[in-house]
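Numbering (numbering that gives the first Met the number 0), first residue to last: 0 to 548.
From the three backbone atoms N, C-alpha and C, an ideal C-beta is built for every residue, glycine too.
The model shown is predicted, which means the values in this text are computed figures rather than measured ones.
Here is the structure we will look at.
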Amino acid sequence: MKQIYHGNVLSMSEDMRRSVREEKNAVFPDGILTEDGVIRQVGSFDTLRKEEPEAEVFDYGNGTILPGFIDGHSHLSAVAYSMILFNAKPSPSGNCNTPEQLIEEAKKFLRTITLEPGQWFLGLGYDNAVFPGERHLTRQELDRISTEIPIAITHVSGHLCAVNTKAMELYGYDKPGCEVPAGGEVDPSGLLKEEAFLSPAKASVVKGPSPSQLMKALEQASDHYASFGITTMQDGKVRKGELELLKAAGKAGAICGDVVIYLAPETAEEYLPKQYPAENPYEFHCRLGGAKIFLDGSPQGKTAWLSMPYHTVPEGQPEDYCGMPVQEEQDVREFFEKCIRNRWQVNVHANGDAAIEQMLRCYEYALLVTKKDGGGNENLRPVVIHCQTVRREQLTRMAKLGMTASFFLDHVYYWGDYHYSSVLGAERASVISPLRWAEEEEIPFTLHQDSPVVEPNILFSIHNAVNRRTKGGRVLGENQRISVLEALEAVTVHGAYQIFEEETKGAIEPGRRADFVVLEKNPLETSTEEIKDIRITATVKDGRIIYER
C-alpha cells in the first residue's frame, strides 16, 4: 500500500544537515512517498500526488516531519513495571517530597491494590536529594506501611533500594555478618546498594506482578514511548524472564515500536548469537543488540566511581570517599574478551570517570589479547552509557577505540543543582555530560533518559542539551551547550548508528523504514527556550500511525 505524507520534511540526510550548518537558504521537501512501510521517494508533495493519485494521503500541513526518534538507552520492562507499581517520585512526577509524604502515599496505594500471597509491595523513584537533610528512607519508616508485607522502594537512580524489616529478613540481611554479593553494600537502616539487591540471586527473592499484568503494562509502556515520538526503544540489562516476556509481548502485537534488547551477562551466554551485531534480525519488533555490564553506580546516589572524592561525602564514609566499583578488574577484562571474540556489542554503565577509566583500560587490554589470535578486528561500537563525568582525554581515547557515548543529559536539569552543591562541586558539575567536547572529538553520541528514571521525553532532552539550565535556573556548563541540529542528530542519525541500523533508520531517505515523528513546530526555527513545549502531532512506525494527538 502506498502512502504520501505532507509537511515540512527535515530529512536529517547528510545534504540537509550540511546545508543547515552552512546556513544556506535550502528549500526542504514537503512530501514523502512510502510503500509497505518503506520510504520510496522524498520530494514535492504536489508532484508525488500527481504521480501516485491512488496513494493514501496524510496531510500535516505546516507540521514538521522528522525521522522517528531513537532511544539511546532505557529500560522498557522497567517502564512497564513503573506503570503498575507505587510511584515514589517527588513532584512534578509524583507526590513524595518528604519521607512522611511517601509513607502516607504508600499507605493510600496499598489500600487500592490486591497483592497475591508472598507478593512484595514495590515502589520506584524516591529521591533523597529533595528530602530534608538529603537522608534516605529507613526500614523503620517503611515498617509503618506494613510489617507483614515485604516492601522495597527503589531510588530514582535505580542503584539504591530502601526496604522494610520483612524484606531484610527475606533477603537474608537481618543478622550481623550476613553475606552480601560482591559489589554491594547493606546498611542496617535498610538501605541496599548496587549488587546487594541487583544481583540475580537477590533479584530472584522478590515476587512481583504477574505475567498477565506485565504483558498489559508492556503494551502501555510501548504506547507511552510512542507518545514522545520514539519509534525505536531500548531495554537494557534484560534477564531471561524479561526476555521471554518481551518476546511474548512482541508476538502478541503488544509492542508498537521496535525494541533493541541488551542482555545481562549470564543471559547473553545463553541467548546472544556469536555474530556481528548488525546481523541480529528483528522478530516481532524485538532484536538482540548485545550485552550490558555495570561498572559503577549513580552520581545522585553517590555510588558512581570517581577519581576524586565527592564534594560532600555521604554520612559514615571517609573523607576520601570516591564511590565504588562493582566489578573486579579481571572479571571486566575477561568479559570484554568474550564480547570481542563473540562479536557482541557491549553497553557499559559507567557514570564516574574512574569507572570510565576502567572500561577504557580493560577494553584496550581485551583488544590486544584478542588481536594476537586473529580476532578483535571488527569495530563493535562499544557504548559508554551515561558517561556523566567523562574527562576530555578519555573522550579522545574513546574516539580512537571507535567507542560511542550515550549521555544522560537530563541530569543537568533534574540533579544539576544537587551536583553543583553536594555531589561534585561547581567545577566538576559544570562539565557533566560534556556534549561539546564529544562533538569536537567527533564521537557519534546519543541522548537518553534512562527511563523509568525520568520520562522518555526526547524533546526535553534536546531542550536540555541546547540550554543546560538546571531546575533552579542555573546554567550549568555554558561552554558544553550544543546546537539544535547537533541535538537532533543525536536522537536520529547517531541513534541509528549506535545500534547498527544506520542503513535503515535515522534519516528520511529512499530505502529506509517509514519511521517518522510529526512535530507541531520546526525545532530549528523555534526559540531554544520553547523546544520543550513543542507538541508531537503523530508518530509513524513502518508506515503505520502508532500515536496521534
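query = Whose CA, out of E508, D514 and A437, lies closest to the CA of E13?
reply = Here residue 13 refers to the residue found at position 14 of the sequence shown. Ranking E508, D514 and A437 by Cα distance to E13 puts E508 first.
task = Compare the beta carbon distance of A513 and A486 with 8 Å and say whether it is the shorter of the two.
result = Your numbering for residue 513 matches position 514 in the sequence shown. Your numbering for residue 486 matches position 487 in the sequence shown. With contacts defined by Cβ atoms closer than 8 Å, A513 and A486 do not form a contacting pair.
Rounded separation between R480 and K165 - CA only = For the purposes of this step, residue 480 is identified with residue 481 of the sequence shown, where counting begins at 1. For the purposes of this step, residue 165 is identified with residue 166 of the sequence shown, where counting begins at 1. Spanning the two alpha carbons is a distance of roughly 47 Å.
Contact check, R380 vs Q344, beta carbons under 8 Å = Taking the first residue of the sequence shown as position 1, residue 380 is located at position 381. Taking the first residue of the sequence shown as position 1, residue 344 is located at position 345. Yes, Cβ-Cβ distance for R380 and Q344 is below 8 Å.
ask   = So, do the region 293-307 and the region 345-355 have three or more beta carbon pairs nearer to each other than 8 Å?
value = A contact exists between the region 293-307 and the region 345-355.
Segment contact flag, the region 154-161 with the region 182-192, C-beta cutoff 8 Å, min 3 pairs = yes
task = Give the single residue among F515, N7, H74 and S10 whose Cα lies nearest to the Cα of V259.
result = Counting from 1 along the sequence shown, the entry for residue 259 is found at position 260. Residue H74 is the option with its Cα nearest to V259.
query = Roughly how many angstroms separate the alpha carbons of L114 and E147, rounded to a whole number?
reply = Residue mapping note: residue 114 aligns to position 115 of the sequence shown, counting from 1. Residue mapping note: residue 147 aligns to position 148 of the sequence shown, counting from 1. Computed Cα separation, rounded: 12 Å.
query = Assuming W119 and K206 make a contact with CB atoms under 8 Å, what is their CB distance in whole Å?
reply = Counting from one through the sequence shown, the residue named residue 119 turns up at place 120. Counting from one through the sequence shown, the residue named residue 206 turns up at place 207. Indeed, because the Cβ distance is near 6 Å, the residues count as touching under 8 Å.
message = Which of the three DSSP states is assigned to K236 in this structure?
response = Here the question's residue 236 lines up with position 237 in the sequence shown. Here K236 sits in strand by DSSP.
task = Report yes if the C-beta distance between Y59 and G6 is below 8 Å; otherwise report no.
result = Position 60 of the sequence shown holds residue 59. Position 7 of the sequence shown holds residue 6. Yes.
request  = State the Cα-Cα distance for the pair K1 and D35, rounded to the nearest angstrom.
outcome  = Position 2 of the sequence shown holds residue 1. Position 36 of the sequence shown holds residue 35. Answer to the nearest angstrom: the Cα atoms are 7 Å apart.
ask   = Do E519 and T536 have their C-beta atoms within less than 8 Å of each other?
value = Locating residue 519 in the sequence shown gives position 520, counting from the first residue. Locating residue 536 in the sequence shown gives position 537, counting from the first residue. Yes, they are a contact pair.
key: V411 to F283 span [Cα, whole Å]   = Reading the sequence shown from its first residue, position 412 is the one you call residue 411. Reading the sequence shown from its first residue, position 284 is the one you call residue 283. Distance between the alpha carbons of V411 and F283 is about 36 Å.
Run of the alpha helix (DSSP H) containing C361, from where it starts to where it stops = Within the sequence shown, residue 361 is the residue found at index 362, counting from 1. Where C361 is concerned, the enclosing alpha helix (DSSP H) stretches over D352 to K371.
request  = Along the beta strand (DSSP E) that carries N346, what are the first and last residues, could you check?
outcome  = Position 347 of the sequence shown, counting from 1, holds the residue named residue 346. Here the beta strand (DSSP E) through N346 covers V345 to A349.
query = With a CB to CB cut of under 6 Å and the five nearest residues on each side skipped, what residues in its chain are close to V483?
reply = In the sequence shown, the residue the question calls residue 483 occupies position 484. V465, P522 and L523.
query = Near G476, what residues of its chain come up, given a Cβ to Cβ distance below 6 Å and the 5 sequence neighbours on each side ignored?
reply = Within the sequence shown, numbered from 1, the residue matching residue 476 stands at position 477. These residues qualify, in order along the chain: S429, V430 and R467.
inquiry  = Can you confirm whether the region 241-258 touches the region 322-337 when touching is taken to mean that 3 or more C-beta pairs between the two stretches lie within less than 8 Å?
reply    = Look at the beta carbons and you see the region 322-337 not touching the region 241-258: under three pairs across the two are nearer than 8 Å.
key: Beta-carbon proximity list for K540, same chain, < 7 Å, skipping 5 on both sides   = Numbered from 1 along the sequence shown, position 541 holds the residue referred to as residue 540. Taken in chain order, the residues that qualify are G67, T230, C255, G256 and D514.
request  = For A248, I'd like the list of residues in its chain whose CB is within less than 6 Å of its CB, leaving aside the five on either flank, ordered along the chain.
outcome  = As a working note, residue 248 is residue 249 in the sequence shown. Within the same chain, A248 has close Cβ partners M214, L217 and I254.
message = By the DSSP assignment, the beta strand (DSSP E) with P66 in it spans what residues?
response = Along the sequence shown, read from residue 1 onward, the residue named residue 66 stands at position 67. Run containing P66: E55 to P66, per the beta strand (DSSP E) assignment.
In chain order, each alpha helix (DSSP H) run of at least 4 residues that lies wholly inside the region 421-446 = 425-428 and 434-439
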